[in-house]
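S.K.: Residue numbers (the working numbering): -13 to 488.
Think of the CB as a built atom: it goes at the ideal place given N, C-alpha and C, for glycine as much as any other residue.
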Ligand code: F6P
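1) Roughly how many angstroms separate the alpha carbons of residue 464 and residue 192, rounded to a whole number?
2) Sorry if obvious, but does the Cβ on residue 69 come closer than 7 Å to a heavy atom of the ligand F6P?
3) From what residue to what residue does the beta strand (DSSP E) around residue 251 run?
4) Any heavy atom of the ligand F6P inside 7 Å of the beta-carbon of residue 189?
5) Leaving out five residues on either side along the sequence, give the residues of the same chain with a beta carbon under 6 Å from the beta carbon of residue 415.
6) Using DSSP bridges, identify the partner residues of residue 297.
7) Starting from residue 86, follow the alpha helix (DSSP H) in both directions and report where the run begins and ends.
8) Mapping the DSSP letters down to three states, classify residue 200 as helix, strand or coil.
9) Please identify the residue among 164, 189, 126, 174 whose C-alpha is closest to the C-alpha of residue 154.
10) What residue from 445, 435, 425 has the CA that sits closest to residue 25's CA?
11) Which residues in the same chain as residue 484 place their Cβ atom closer than 8 Å to its Cβ, once the five residues preceding and following it in sequence are excluded?
12) Can you tell me whether residue 430 is helix, strand or coil according to DSSP?
13) Kindly give me the distance between the Cβ atoms of residue 419 and residue 135, rounded to whole angstroms, as I take these residues to be in contact under 8 Å.
14) Rounding to the nearest angstrom, what Cα-Cα distance links residue 60 and residue 271 in this structure?
15) Do residue 324 and residue 444 have their C-beta atoms closer together than 8 Å?
16) Comparing alpha-carbon positions, which option in 81, 277, 263 lies nearest residue 45?
17) Answer yes or no: the CB of residue 176 versus the heavy atoms of the ligand F6P, is any distance below 7 Å?
18) Going by the DSSP bridge assignment, what does residue 405 pair with across the sheet?
19) First and last residue of the beta strand (DSSP E) that includes residue 64?
20) Identify, in the order they occur along the chain, each residue of the same chain with its Cβ nearer than 6 Å to the Cβ of residue 53, setting aside the five sequence neighbours on each side.
21) From which residue to which residue does the beta strand (DSSP E) around residue 412 run?
22) List the residues that DSSP assigns as beta-bridge partners of residue 170.
23) Using three-state DSSP, classify residue 323 as helix, strand or coil.
24) Would you mind working out which of -11, 455, 1 sits nearest residue 291, comparing C-alpha positions?
25) Can you tell me which of 482, 487, 421, 57 puts its alpha carbon nearest to the alpha carbon of residue 252?
26) Beta carbon of residue 130: closer than 7 Å to some heavy atom of the ligand F6P?
Set out below in structure tokens:
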């Protein structure tokens, strides 16, 4: 706790400082507060800490033994203590650990990836034109985001579609333009007990007419094969040592490989593995994931900011904020420590975001002049891949301008036209949007999330908070069918409304 208090003392000393003041006091920070790892460049000079506060943050990282914590993660130790599991997503993309559990996981994952590669090759030459991926949460957001980010403007081989929501309109709208004879489905669910995926899977099976063109990915492969009558060779396994929201690198990424090609899927994994090596081996003060995590703790615990935004200045990354919302908020939305005692500091802020420049014309007003300060991550791409060079320059000029305006502000005699400034942001610049750079960026966020969980002493790999609502929903199905009464008085009133108007 003393270390968190030290941070607050630094925050009190620096309160209200604008980037311009911090730069005036330390010109070199513009360049010195940056880190470059492979294709990722990140500049933290517009965060509200100075070198002394940053040293205090590094002392916190050392005191919490972040280096040893990364080693435990990579070695496959039981970091998910409440479920008694390892979290070996790093073994899906590399073999950086000598520990037996990690080596075994790497070997198993590599074998399944080769099987997946063969299924991809078969589907590419099968005459199938469309793939419908059915899954939700970690079994949807990662594949959906990466496939959208890296697909060709005109799909070369297969068009990949995603259905997640239990709302039947999602299935109806996705399937309406497709031909069942030229479509295959992939049902993805770690548990194969998820209501949404079972209901949507049944819609797909009925629509396709049989299970011949249904594939499944699950940590419960028997259940998957039995409940949808799928041949074992079309079921790909995953494992309880991979968390759902950390699973896009496993066979959960099957839709990614179909959308962008198996080779490029492997490049995505290679990009993540390169970043893994950095996260595991770089000293804490040069470690990008650690710096990102310490910055998050600074903004949350020293400055008290309750929200965080991620703004992607690239249309292809428009789904990144939704993906990160699950990764960050499902991992860090906890109030108790590993031992069950209350966590002493506030944990995850509300994460949200969108794609620039659209966001500038919707909610950026509040970011510039609202009463709440919302620290941001900006993500920009240096090299352009589309044929519209002028647009790319405009995109980059907006990216640079927004970060500058938020940080420096601008005074005016007219309070309505005055910009307070002092609004922090981190600037990520990727060389280009490639499978490698996206893999590295996502791995950076995964490791930052883990480092934050260690700093707060919480478990980044369970998600018991989502269970109560699921249980209640199952209990309310009979009430909606008129077969039972709801226990809760407000729910009974709402059910009466639904019945009287349906
Ligand atoms: O409800 C949350 C959750 O358990 C997520 O953690 C998970 O990614 C998602 O549901 C889907 O679960 P499954 O892959 O088991 O269908």
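M.R.: Reading off the structure:
1) Walking along the chain shown from the start, residue 464 turns up at place 478. Walking along the chain shown from the start, residue 192 turns up at place 206. Whole-angstrom Cα-Cα distance: 24 Å.
2) As a first step, residue 69 is located in the chain shown; it is residue number 83 there, counting from the start. No; taking the cut-off as 7 Å, the Cβ of residue 69 has no heavy atom of the ligand F6P nearer than that.
3) For the purposes of this step, residue 251 is identified with residue 265 of the chain shown, where counting begins at 1. Not the beta strand (DSSP E): residue 251 falls in the alpha helix (DSSP H), residues 248 to 267.
4) Stepping through the chain shown from its first residue, residue 189 is reached at position 203. It does not: the Cβ of residue 189 is nowhere closer than 7 Å to a heavy atom of the ligand F6P.
5) For the purposes of this step, residue 415 is identified with residue 429 of the chain shown, where counting begins at 1. Here the set comprises 27, 366, 368.
6) Within the chain shown, residue 297 is the residue found at index 311, counting from 1. 340, 364.
7) For this step, residue 86 is matched to residue 100 along the chain shown. Run containing residue 86: 86 to 110, per the alpha helix (DSSP H) assignment.
8) Translated into the one-based positions of the chain shown, residue 200 becomes position 214. It is a strand residue.
9) Reading the chain shown from its first residue, position 168 is the one you call residue 154. It is 189.
10) What you label residue 25 is simply residue 39 of the chain shown in a count that begins at 1. Nearest of 445, 435, 425 to residue 25, Cα basis: 425.
11) As a position in the chain shown, residue 484 is number 498, starting the count at 1. The residues are 466.
12) Counting from one through the chain shown, the residue named residue 430 turns up at place 444. In the structure shown, residue 430 sits in a helix (DSSP, three-state: H, G or I).
13) Taking the chain shown and counting its residues from 1, one reaches residue 419 at position 433. Taking the chain shown and counting its residues from 1, one reaches residue 135 at position 149. Between residue 135 and residue 419 the Cβ distance is about 7 Å, and since that is below 8 Å, they are a contact.
14) Locating residue 60 in the chain shown gives position 74, counting from the first residue. Locating residue 271 in the chain shown gives position 285, counting from the first residue. Approximately 20 Å between the Cα atoms of the pair.
15) Position 338 of the chain shown, counting from 1, holds the residue named residue 324. Position 458 of the chain shown, counting from 1, holds the residue named residue 444. Yes, the Cβ-Cβ distance between residue 324 and residue 444 is below 8 Å.
16) Position 59 of the chain shown, counted from the start, is the residue given in the question as residue 45. The option with the nearest alpha carbon to residue 45 is 277.
17) Looking up residue 176 in the chain shown gives position 190. True, at least one ligand heavy atom lies under 7 Å from that Cβ.
18) The residue labelled residue 405 in the question sits at position 419 within the chain shown. Residue 405 is bridged to 396.
19) Counted from its first residue, the chain shown places residue 64 at position 78. Note, residue 64: premise wrong, no beta strand (DSSP E); not H, not E.
20) As a working mapping, residue 53 is identified with position 67 in the chain shown. Excluding positions up to five away in sequence, the list is empty.
21) Numbered from its first residue, the chain shown carries residue 412 at position 426. Here the beta strand (DSSP E) through residue 412 covers 411 to 416.
22) One-based indexing of the chain shown puts residue 170 at position 184. Answer is 117.
23) Taking the chain shown and counting its residues from 1, the one referred to as residue 323 is at position 337. Here residue 323 sits in coil by DSSP.
24) Residue 291 sits at position 305 when you count from the first residue of the chain shown. Ranking the options by Cα distance to residue 291, first place goes to 1.
25) As a working mapping, residue 252 is identified with position 266 in the chain shown. When only C-alpha atoms are compared, the closest one is 421.
26) The sequence position of residue 130 within the chain shown is 144, counting from 1. No, since every heavy atom of the ligand F6P falls outside the 7 Å radius drawn around the Cβ of residue 130.
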